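Novice:
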Amino acid sequence: KTRMSIFIQSLDYQMWNIITNGPEVPTKIVDGPRILKMNNEFNDHDYRLLQLNAKVKHVIFCALSLSEFNHVSSLDSAKEMWDRLMVTYEGTNQLFTMLENENISSMYARFNDIINALKGLGKVYTNHELGSKILRRILLDKKNFSKKQLKKFQSKGDSSKIYKEEKEVICYECNKPGHIRPDYPKLKKKKDKKKAMIAT
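In UniProt numbering, the protein residues as written are 1 to 200.
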């Protein structure tokens, strides 16, 4: 990401502005509101902005493999392409949670929609990984619901119970949140290596 952004900025800083802010669409003001210009009304400045968007798209296309190209080739602007690549390779900070007044089956259907979209982008999960992700999410939602109920109960005057804040699951192997030790990829490789050595 950093190398590509610096490369684009070095070519023309306006190209980087197109990625961060989106392409500037040629418009004109007619009787107050701003409307899109027709192609025959474009001036040199309008053509320059359109050409910069095309140049940025070209630079991005040249840096992508064929499968990556297929994921973004249908998008119109360089900003859309950049944003799609960012989500694909860096993810988002969005957390999948059960919506208020949502039952388990509709949550699972929404989860499957996300998984199918990821498959379209080339990311495939095993059934075990999918099950553990959804189960972990349900358990965290249950804990959060229990905490809310406990806080509500304590606020009604019963201060005899002590509220202990539970933290998100942290892996003992790498000390990072979000997974537990049995799901740690490097640990699985070590186990597989041990099994292979025992077999020989």
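We put the beta carbon where it would ideally sit given N, CA and C, even for glycine. All values reported here derive from a predicted model rather than from experimental measurement.
Tell me the rounded alpha-carbon separation between Ser105 and Asp113.
Specialist: For the purposes of this step, residue 105 is identified with residue 105 of the sequence shown, where counting begins at 1. For the purposes of this step, residue 113 is identified with residue 113 of the sequence shown, where counting begins at 1. So the alpha carbons of these two residues sit roughly 12 Å apart.
Novice: For the alpha helix (DSSP H) that contains Ile18, what are its first and last residues?
Specialist: As a working mapping, residue 18 is identified with position 18 in the sequence shown. It spans Tyr13 to Asn21 - the alpha helix (DSSP H) in which Ile18 sits, taken as one unbroken run.
Novice: Should Asn53 be labelled buried (16 or more other beta-carbon atoms within 10 Å of its own) or exposed?
Specialist: Locating residue 53 in the sequence shown gives position 53, where the first residue counts as 1. Classification for Asn53: buried.
Novice: Quick check on the DSSP output: the alpha helix (DSSP H) that includes Ile115 runs from which residue to which?
Specialist: Position 115 of the sequence shown, counting from 1, holds the residue named residue 115. That run of the alpha helix (DSSP H) goes Ile104 to Gly120.
Novice: Quick check on the burial criterion: 16 or more other C-beta atoms within 10 angstroms. Buried or exposed for Val25?
Specialist: The residue given as residue 25 occupies position 25 in the sequence shown. The residue is exposed, with fewer than 16 neighbouring Cβ atoms inside 10 Å.
Novice: Would you identify the three-state DSSP class for Leu50, choosing helix, strand or coil?
Specialist: As a working note, residue 50 is residue 50 in the sequence shown. It is helical.
Novice: Could you check where the beta strand (DSSP E) with Leu36 kicks off and where it finishes?
Specialist: Numbered from 1 along the sequence shown, position 36 holds the residue referred to as residue 36. Segment Arg34 to Leu36, the beta strand (DSSP E) holding Leu36.
Novice: I need the DSSP call for Ser28, collapsed to helix, strand or coil.
Specialist: Here residue 28 refers to the residue found at position 28 of the sequence shown. Reading the sequence as shown, one finds Lys at residue 28 and not Ser. In this structure, Lys28 counts as strand in the three-state DSSP scheme.
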